[in-house]
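Everything on this sheet refers to the single structure shown next.
Protein chains: 2
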Amino acid sequence: MNTRLTELLGIEVPIICGGMMRVGTAELAAAVSNAGALGILTALSQPTPERLKAEIQKCQALTDKPFGVNITVGVVTTPLDYSALIDVIVKSGVRIVETAGRSPEPFMPYFKAAGIKVIHKAVTVRHAMAAERIGVDVISIDGFECAGHPGEQDVGGLVLFPATAQSLRIPVVASGGIADGRGLAAALALGCEGVNMGTRFLATQEAPIHAGIKQKIVEMDENQTQLIFRKFRNTARVYKNSVAEKVAEIEAAGGDFKDVHTYVSGEKQEEAWSTGNIEAGMVTAGMSGALVKDVPSCQELIDRIVSDARSIIKGRLAAIAA
Amino acid sequence: MNTRLTELLGIEVPIICGGMMRVGTAELAAAVSNAGALGILTALSQPTPERLKAEIQKCQALTDKPFGVNITVGVVTTPLDYSALIDVIVKSGVRIVETAGRSPEPFMPYFKAAGIKVIHKAVTVRHAMAAERIGVDVISIDGFECAGHPGEQDVGGLVLFPATAQSLRIPVVASGGIADGRGLAAALALGCEGVNMGTRFLATQEAPIHAGIKQKIVEMDENQTQLIFRKFRNTARVYKNSVAEKVAEIEAAGGDFKDVHTYVSGEKQEEAWSTGNIEAGMVTAGMSGALVKDVPSCQELIDRIVSDARSIIKGRLAAIAA
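Chains as they are written, first to last, in this note's numbering: chain U, 9 to 330; chain E, 9 to 330.
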């Protein structure tokens, strides 16, 4: 299934498994890429540049197809040696980078010199346009429905996707609220060149999280997520569990970031991922979980999404438009 | 353009101009219906059952095509004689009713006995399923992006539309965040049988509001709306002007409904509609205003949306799916 996105990135289907902290490992990224979509390793899931290098090599051993590395800037409080990470990415022969958080402008010369394609994640049309101006190749635009950080403007993908696509010349990828062939067909209709999914890929055989968490995603409905950190202007959408509700309570009672930090540390999310106890910590999940009904392999999932989107377009939509 | 919705309602294109207080007059409803879509009069815009009867007769004089009457239950504080309104609707030969607010269950026997098709507006899957059980014919599901009352769950249409469509047997209409052929094609891809639009129809030649307000809708972007009344669990999405910002301030400062009522009375919205001064009161508008770029006639608008949706489906999407 060809779009400007697949042509630019050299992939077979216009689907990206966006970078996910702790989940974007070589196994998952390679499984996604081997199925013809774009898998993405997350650089910050690795504790050192050396470990990132090893993870990239592992992914290269698992797939001959293109994959990307996500590098998120400015969201961690401890200082990070981004130059060392980027040096590893460039020297390892990675061809695609996904940037998120702050503007990738400082790193663009390195990426461009190495011929790397840059996918930048944005949450507003204004930031997407600014990123286009500094030379990124693709914008992955995150709507209100997305897991993690939807920004502070709360614009649903139904409006944000076409508003972004009509404002840019480079390909736009729809992110947030999409989990199936219906969503892929809708995103293409809205002017996007592909879709990015996170929550849907959590519930796959290859996602390195406990089966109990995958099952919770299968069971969740569209009301099972919650926004936290709004008062810190660092809004995050997470699975609505007792931890998220406690954080919301502390925020509402006037608590500061330190007051909530104990509830939301990455270690606690990791505990949930690894033990299957969804109450063990804050767990990132998006609204699209409502549309997730099973735990297939990445290959089964991607084949099905493409096949469903094709059949919606050639069957249902063609009949209505006839 | 035929779907289960057009067949059920006897209309030519799967587009509804949803009931809008003060705007859903005979002129606008007839213009929409004459263009092959479904226009809707709002019963509560008329001060008495007699005036509603006269407005229905006026609409019948202006169009031979089907139109609907909206009746919204339980949102006004003054007691209303709904039986008298429904009596007028039924005896005037109206064939389609749009219900909103509380459940239409008490009125269903009257509507059914008269062979009237009932479109019920809902904001959650649970309420949509309940309405299907009591026999409504169509659900018009309002996503988070919509003008007016999106409910308290904040689920974007991208997730709410397919979640609703997969849960019901009756046709589902996508409402909120849609203003063009891209949105119509996307809604059909997501499993809906048509679209409902309000904000887009405000910016038409026939909408009975001042040209200055239409121009403000043309100029607005996706960040130009605001949610108010959240603390009263009666959330409304309105145009972000100084009045809406004042209401938000009063709410944040702990004000009660009486404190904000002076800023948001219907009379003040009417003043904005009639004078063109967008700062004159609270003005209902949805996020889809970001996608509105002109003020066409209803006929031009509807022809264009259908033509654009067809060309997206037969051109862009068919090529991608090939």
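Using N, Cα and C, we set each Cβ at its ideal position, and we do this for glycine too.
Check: Roughly how many angstroms lie between the CA atoms of F75 of chain U and L49 of chain U, to the nearest whole one?; Outcome: 8 Å
Check: By DSSP, does N42 of chain U sit in helix, in strand, or in coil?; Outcome: helix
Check: Any idea if N249 of chain U is buried or exposed, counting beta-carbon neighbours within 10 angstroms, 16 or more meaning buried?; Outcome: buried
Check: Taking Cβ-Cβ distances shorter than 7 Å, what residues in chain E pair up with P74 of chain U?; Outcome: Residues of chain E passing the Cβ test: none, with the nearest at roughly 20 Å.
Check: From U:V303, U:A155, U:E257, pick the residue whose C-alpha is nearest to that of T212 of chain U; which is it?; Outcome: U:V303
Check: What does C67 of chain E pair with, by DSSP beta-bridge criteria?; Outcome: Paired residue(s): none; C67 of chain E is not in a bridge.
Check: Under three-state DSSP, which class holds T207 of chain E?; Outcome: helix
Check: Going by Cα to Cα distance, which pick from E:A260, E:L166, E:H135, E:L17 is closest to R110 of chain E?; Outcome: E:H135
Check: Kindly say whether E153 of chain E, judged by its beta-carbon, lies nearer than 8 Å to any beta-carbon of chain U.; Outcome: yes
Check: In the structure shown, what three-state DSSP assignment does C306 of chain E receive?; Outcome: helix
Check: So with CB distances below 9 Å, who are the chain E contacts of S315 of chain U?; Outcome: Result: empty, since nearest Cβ-Cβ is about 10 Å, beyond 9 Å.
Check: How about R190 of chain E and P170 of chain U: are their beta carbons less than 8 Å apart?; Outcome: yes
Check: Let's test the definition: count the other Cβ atoms within 10 Å of the Cβ of H269 of chain E and tell me whether it reaches 16, buried, or not, exposed.; Outcome: exposed
Check: To the nearest angstrom, report how far apart A280 of chain U and I328 of chain E are at their CA atoms.; Outcome: 40 Å
Check: What is the rounded straight-line gap between the Cα of A92 of chain E and the Cα of P57 of chain E?; Outcome: 6 Å
Check: Mind checking whether G26 of chain U and N204 of chain U have CB atoms under 8 Å apart?; Outcome: yes
Check: In angstroms with no decimal places, state the Cα-to-Cα distance between R60 of chain E and L168 of chain E.; Outcome: At residue 60 of chain E the sequence reads Leu, which differs from the Arg that was named. So the alpha carbons of these two residues sit roughly 33 Å apart.
Check: Do L46 of chain U and V146 of chain U come within 8 Å of each other at the CB atom, strictly closer than that value?; Outcome: no
Check: Is the shortest distance between the beta-carbon of G263 of chain U and the beta-carbons of chain E less than 8 Å?; Outcome: no
Check: Spatial neighbours of G199 of chain E within its chain, please: CB distance less than 6 Å, with the 5 preceding and 5 following residues excluded, ordered by chain position.; Outcome: P170, A173
Check: At the 8 Å Cβ level, is G191 of chain U part of the contact set with chain E, yes or no?; Outcome: yes
Check: Suppose you measure from the CA of E106 of chain U to the CA of A43 of chain U; what does that come to, to the nearest Å?; Outcome: 19 Å
Check: If you drop the 5 nearest sequence neighbours on each side, which residues of the same chain put their C-beta closer than 8 Å to that of R177 of chain U?; Outcome: E140
Check: What is the rounded straight-line gap between the Cα of I97 of chain E and the Cα of R103 of chain E?; Outcome: 9 Å
Check: Could you check what DSSP says for L166 of chain E in three-state terms: helix, strand or coil?; Outcome: helix
Check: Taking T11 of chain E as the reference, which of E:I320, E:G323, E:V314, E:R324 has the closest Cα?; Outcome: E:V314
Check: Going by the CB atoms, is the gap between A108 of chain E and C67 of chain E shorter than 8 Å?; Outcome: no
Check: According to DSSP, which residues form a beta bridge with N285 of chain E?; Outcome: DSSP lists no partner for N285 of chain E.
Check: Give the single residue among U:V133, U:T80, U:V81, U:S100 whose Cα lies nearest to the Cα of A62 of chain U.; Outcome: U:S100
Check: Select from E:S305, E:I320, E:V246 the residue whose C-alpha is nearest the C-alpha of P216 of chain E.; Outcome: E:S305
Check: State the CB to CB distance for the pair S183 of chain U and V133 of chain U, rounded to an integer number of angstroms; the pair is presumed to be in contact (CB under 8 Å).; Outcome: Not a contact, Cβ separation roughly 14 Å.
Check: Could you tell me the alpha carbon to alpha carbon distance between F119 of chain E and V81 of chain E, rounded to whole angstroms?; Outcome: 15 Å
Check: Would you report the Cα separation of A122 of chain E and K322 of chain U, rounded to the nearest angstrom?; Outcome: 39 Å
Check: DSSP puts C154 of chain E in a beta bridge; with which residues?; Outcome: None, per the DSSP bridge assignment.
Check: Is V77 of chain U helix, strand or coil by DSSP?; Outcome: strand
Check: Mapping the DSSP letters down to three states, classify S319 of chain E as helix, strand or coil.; Outcome: helix
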